[in-house]
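**Q**
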Amino acid sequence: MSEQDVLNPKHMPHNPEKATLEGKNKFMGFWFFLGGEAVLFASLFGTYLALKDATNGGKSSEELFGLELVFIMTMLLLTSSLTSVYAMYHMKNNDFKKMQLWLGITVVLGLGFLGFEIYEFYHYIHEYEFTMRSSAFGSAFYTLVGFHGGHVVFGLLWIVTLMVRNAKRGLNLYNAPKFYIASLYWHFIDVVWVFIFTVVYLMGVL
Amino acid sequence: MSTLVATNKKGFGATLWDYLTTVDHKKIAIMYLVAGGFFFILGGLEALAIRWQLVQPMNDFVSAGFYHELITMHGTTMIFLAAMPLIFAFMNAVVPLQIGARDVAFPFLNSLGFWLFLFGGILLNVGWFTGGAADAGWTAYAPLSTISAGEGVDYYVLGLQISGAGTLIGGINFLVTIVNMRAPGMTYMRMPLFTWTAFVTSALILFAFPALTVGLFLMMFDRLFGSGFFDAAMGGNSVIWQHLFWIFGHPEVYILVLPAFGIFSEIIATFSKKRLFGYTAMVFATVLIGFLGFMVWAHHMFTVGMGPAANSIFAVATMAIAVPTGIKIFNWLFTLWGGRISITTPMLWTLGFIPSFTLGGMTGVMLAAATADYQYHDTYFVVGHFHYVIVGGVVFALFAGVHYWWPKMFGTMLDEKLGKATFWIFFVGFHLTFFVQHFLGLMGMPRRYWVYMENQNLDLGNLISTVGAFLMGIASIILLYNIVKTSIQNKKVGGDPWDGRTLEWAIPSPPPFYNFKQLPLVRGLDPLWIEKMDGRKGMTAAEPLSDIHMPNNSFLPFVISLGLFIAGFGFIYQKNDLSWLIVLFIGMAITLGAMFIRSVKDDLGYHIHKEDLKKEAEE
Amino acid sequence: MKNWMGKLRTLSLFSFLVIILSACGKENLTALVPKGYGADQSFNVIIISILVMIVVFIVVMAIYLYVVLKFRQKKRQEDYVPQQTEGNKTLEIVWTVIPILLLLIIAVPTVATTYNLADDSAKEDSINVNVTGLQFWWNFEYANEEIQTSQELYIPVNEKVYLNMMSSDVIHSFWVPSISGKMDVNPENENTMYIEAYEEGVYWGKCTEFCGDSHSLMDFKIVVVSQDEYDTWVDGMQNTDPEFIASAQEGQELFENSCLSCHAIDASANHPVVGPNMADFGNRTMVAGVRNFSKEEIVEWIVDPASVKPGNGMLDAPYLEQENIGQAEAENIADFLMELKATDEPVDSVKQFREDEAKDN
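The listed protein sequences correspond, in order, to chains W, F and C. Take 1 as the starting number for the first sequence in the working numbering and just add one per residue. Take 1001 as the starting number for the second sequence in the working numbering and just add one per residue. Take 2001 as the starting number for the third sequence in the working numbering and just add one per residue.
1. Please report how far the alpha carbon of Trp1406/F lies from the alpha carbon of Trp1498/F, in whole angstroms.
2. Kindly indicate if chain F contains any beta-carbon less than 8 Å away from that of Asn56/W.
3. Measure from the C-beta of Ser43/W to each C-beta in chain F and report whether the shortest distance is under 8 Å.
4. So, Leu1109/F versus Ile1162/F, is the Cβ gap smaller than 8 Å?
5. Hey, out of Asp2119/C, Leu2340/C, Glu2329/C, whose CA is closest to Val2299/C's CA?
6. Restricting to Cα atoms, I'd like to know which of Ala1309/F, Ala1320/F, Leu1528/F, Ala1047/F is closest to Gly1495/F.
7. In its own chain, which residues sit with a C-beta less than 7 Å from the C-beta of Tyr89/W, not counting the 5 before and 5 after it?
8. Would Leu7/W and Asn166/W qualify as a contact pair, given that the criterion is a beta-carbon distance under 8 Å?
9. Quick one: which residues of the segment 2205 to 2228 of chain C get their C-beta closer than 9 Å to a C-beta of chain F? List them in chain order.
10. Starting from the N-terminal side, write out each stretch of the beta strand (DSSP E) that is 3 residues or longer and does not extend beyond the segment 2162 to 2190 of chain C.
11. Grab me the residues of His2263/C's own chain with a C-beta within less than 6 Å of its C-beta, minus the 5 sequence neighbours each way, in chain order.
12. Which residues in the same chain as Leu1118/F place their Cβ atom closer than 6 Å to its Cβ, once the five residues preceding and following it in sequence are excluded?
13. From Phe1040/F to Asp1135/F, what does the alpha carbon distance come to, in whole angstroms?
14. Could you check if Trp1138/F is buried or exposed, using at least 16 other CB atoms within 10 Å of its CB as the buried criterion?
15. Could you list which residues in chain C have their beta carbon closer than 9 Å to that of Trp1450/F, in chain order?
16. Which residue from Pro9/W, Asn25/W, Gln4/W puts its Cα closest to that of Pro177/W?
17. So, helix, strand or coil for Ser2042/C, using DSSP?
18. Once DSSP output is grouped into helix, strand and coil, what is the label at Val2202/C?
19. Looking at the unbroken alpha helix (DSSP H) that takes in Phe1039/F, where does it start and where does it end?
20. Can you give me the Cβ contacts of Gly2313/C inside the same chain, cut-off strictly under 6 Å, excluding the 5 residues immediately before and after it?
21. Any beta-carbon of chain F closer than 8 Å to the one on Asn25/W?
22. At what residues does the alpha helix (DSSP H) containing Ser1202/F begin and finish?
23. So Phe65/W packs on Val205/W, CB below 8 Å; how close in whole Å?
24. What residue ranges within the segment 2228 to 2258 of chain C form continuous alpha helix (DSSP H) runs of no fewer than 4 residues, ordered along the chain?
25. Mapping DSSP to helix, strand and coil, what is Ser139/W?
26. Does the separation of the CB atoms of Pro2099/C and Gly1326/F fall below 8 Å?
27. Sort Ala1165/F, Trp1196/F, Thr1021/F, Met1220/F by Cα distance to Val1179/F and report the nearest one.
28. Secondary structure at Pro1557/F, three-state DSSP: helix, strand or coil?
29. Do Ile1268/F and Leu1359/F come within 8 Å of each other at the CB atom, strictly closer than that value?
30. I'd like to know whether the C-beta of Phe33/W is nearer than 8 Å to at least one C-beta of chain F.
31. Does any CB atom of chain W fall closer than 8 Å to the CB of Asp1602/F?
32. Alpha carbon to alpha carbon, how far is Leu1276/F from Asn2088/C? Give it in angstroms, no decimals.
33. Looking at the structure shown, is Asp2360/C part of a helix, part of a strand, or coil, going by DSSP?
34. What are the boundary residues of the alpha helix (DSSP H) that includes Gly115/W?
35. I believe Lys2309/C touches Ala2288/C by the beta-carbon criterion, under 8 Å. Please report the beta-carbon distance rounded to the nearest angstrom.
36. Under the DSSP definition of a beta bridge, which residues are partnered with Ser2268/C?
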């Protein structure tokens, strides 16, 4: 397949993300990468579970967490996962504008999530003086949730970069895999959050 | 201008630039070989210093502090910076050729993986020059590691983090390469065993390294940002580090030793002139070892106080690994059975490996028995055991691999006489060094002892061990001499000097940068052997001659890794002086900037035109 | 079972000893001559596993030597192409099943002894010692007797003694090869093990978890005594006097000014664990766990502790900075220290031990 066929395909196949060998490799490689990421978060969850009661006389999860805020955050992130599915749906239909629109909505929702998370951390630090240095529980909490937050930041930067870079030229077989794996990454972030919501917050207040 | 001609004669600057930017798996293999070889020598010198300190009781050759830096850096260097990259050297050099591919799935990431490893490895060693390298043992058990003074352990943490990222990338790359890039007819059950072991090893890397990543992050936060994961005073728990370390660390043993098994499998089949006995069982055993490798990490922790239930479960699970390993040993023996064995240097290493590794496996089973391990644990018995596995298994395989694939990688043949001398001296030195250590351990010598006391009947054993270590040093020097001599003579051998069986021997040595002009059609296990037996000279092509798509070179992997290297200093020294945060930001900006460029700049590669390929063939 | 095991052990012990000649190591240090229950249990498993493994090794080596010698390429054989065998299902099953059976032989006693050694049913009724590991020495507090001592653990022969172990800094590991296998001493949780010694004597103990500069010098001893001697010793320890007035008065004054804040001279369990307890110092087997018991060694330790144990806690002592204790003062302190005794005389095995060590060096 020549450069021209990749950048300006005469017609877009139904699965443009897997139409080239490079695309197939990216697709599969990224799944493997997510497997590794799963182990990474599993290790962080294991650490958190081992240390969640190690408050060292400081604030405990029952005293800190409130479910209202976290519920809104969860809704934002779950919805953003759904909107990124819409975006991929439109990518497969070769509707670039709609894909960009839905990706944009995904980014806005993600930013909303991030804003709430920053507010939450700020709140804990200033209202309760609960930091990474307060106790082993504090270290584990900020590390686990912070790693997830870091993934959200990176995912947002990534999606925005792709949207801006390709805004003028539309979909082709070169950038379709990039959009696709970015959305995979976004789903993964969402799945991890579901676990955080359950393990950290629900189990933390119950 | 034709790209084919352009790769020929070049000046030093152009060659250097070529290697700094290359994405060619064969050149990356050579860089891994050189860098891994360098660190192997460094780790070897550290080992000799250790053995010299232990040559007599209460010796004062080095101070306690320096000794502990030596043992820490010897272990870390040998595992992460010598053995792993040398394994990667062969995986890079051989796997794409064995499956009939023109390159790996992600040439750019392949290069990135190498540079991350190299910069991480250098960062690890910077500690030597800034007031002391890491000194908490290669296992860096908390809280000794978290309270260790100075920056040594910080360099360990950051260096391993960076090089570990490179290894993880490499692992993913080989997984995808093997799944997606096999030549027509190369089914999974026709893949050479080295490729199979590379595949399973890559999967182990993928699932084991993230645990180390997390462990290193936690340690970094404890040391540099005041968190309390491993600090009992803050409610932390140091055993978490041990779990994370060994969840990574035990699979790491198989990450190293499985490709070693693969190398030996190739060599045994080639030099017995027989197909591998029980190929299916061998593949099955490889996968099973990889799987079980994740279930046994806590056998490193029998004395931690996990309780009898956990100890029993992990003991029995560990013993189970002996079964697939035994299957391998017997299948090798029966490959030899009825063959026509020619004892070349690679084969000599292989034949030396079988009894040596069997001994290592024996002591492995003995160590798995938890109550017996209460005596062995953290003594020289363990040191003896794992050197039998890592040296008797992995290093023997690396030496065998160097001799076996040298002609493929460089087109010349290492001197057989010198090769055999290397083997015999090393083999004798190896057993002298490590066999006696089992007894030293049982006689009451714990590991990581800077001195041992007089009149404890430990003198003779230690002396023998030191003599052996120096023999291994001499053998390594002979190998180096051999390499230099061979390179200077530069006597070219053909593409298939060993009468090989697998695809890498079907193309010229060293292979052209596109590997296969036409992808080969694979008709079974040992595809080249099949064609030879049918009277053909080479492989049948699976496609007509057409344009070949190749990836572009790139300097970005170097820049990305360099950025992290710089940022590493910022991370470390901001603990003393916050103005170092500037360095951290500059480094991260370089890395993220280079990643941004990679993301937004189209890189579609280029094509070699079939006319050029034809022209080249005529020349 | 017991009888059969005994015979097997005698036989294997004998052959094992022959194999490694006299290289069993130093008596009372080596794990190869067990003199306690734990070491015995471990030794049984070691012997069983090594026997099974030797069988495996012999089989592998027999096949190995046969094939390597028989199937080497001979002259004028260069064109011979061996038959390309794919494999053999029966053989594969054979070398899968037989190793599994062999492993069971090892696995069953392993699991049995693992549970056996973790048994704490007798803990309440036994002697309980709270062991603290510190860089680079050991403290032993007898929970019910309300005494503490350092570096040397006195236990009665043929009695189960429970050790409740915890570290106050980094991880250490408690190992007395002749008496029992090891157990880690962690900073965040208490580990319990029990020991039982079969013979009176002094046994070498080692730290086996890398713990810093003087890890290799963190030696301690277990002094196994008769029940009578033990009772006398405990009684003596309980009656050590914090107001004790020694004949070496100058030494005592110096000690009180420079050392007493960390080192208690009575064995009361109420003293916090800061520096080694000195109550029974005059009856120690060794100085600092690694030097022969003599006045010169004590003086050297006081004057220059870094040369004996690099990185040890004494290096923070103010007297070193103030430089107010020289050779002469140290000798006075040594005189004083050698007077500190819970019993008038050390037990016989300690005397013997001191003699042996002095002779060797």
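C-beta atoms are modelled at their ideal positions from N, C-alpha and C, and glycine is treated no differently.
**A** Answer, in terms of the structure:
1. 11 Å
2. Closer than 8 Å: yes.
3. yes
4. no
5. Glu2329/C
6. Leu1528/F
7. None.
8. In this structure, Leu7/W keeps its C-beta atom at 8 Å or more from the C-beta atom of Asn166/W.
9. Lys2206, Cys2207, Thr2208, Glu2209, Phe2210, Cys2211, Gly2212, Asp2213, Ser2214, His2215, Ser2216, Leu2217, Asp2219
10. 2172 to 2176, 2180 to 2185
11. Gly2275, Met2278
12. Ala1035
13. Cα to Cα, Phe1040/F sits roughly 19 Å from Asp1135/F.
14. Classification of Trp1138/F: buried, given that the 10 Å Cβ count is 16 or more.
15. Asp2213, Ser2214, His2215, Ser2216, Leu2217, Pro2310
16. Residue nearest to Pro177/W within the set Pro9/W, Asn25/W, Gln4/W is Asn25/W (criterion: CA-CA distance).
17. Ser2042/C: helix per DSSP, three-state reduction.
18. strand
19. 1025 to 1053
20. none
21. yes
22. Segment 1193 to 1225, the alpha helix (DSSP H) holding Ser1202/F.
23. 5 Å
24. 2249 to 2258
25. helix
26. yes
27. Measuring C-alpha to C-alpha distances from Val1179/F to each of Ala1165/F, Trp1196/F, Thr1021/F, Met1220/F identifies Trp1196/F as the nearest.
28. helix
29. no
30. yes
31. yes
32. Approximately 12 Å, taken between the alpha carbons.
33. Asp2360/C falls in the helix class under three-state DSSP.
34. 96 to 128
35. 6 Å
36. Ile2147/C
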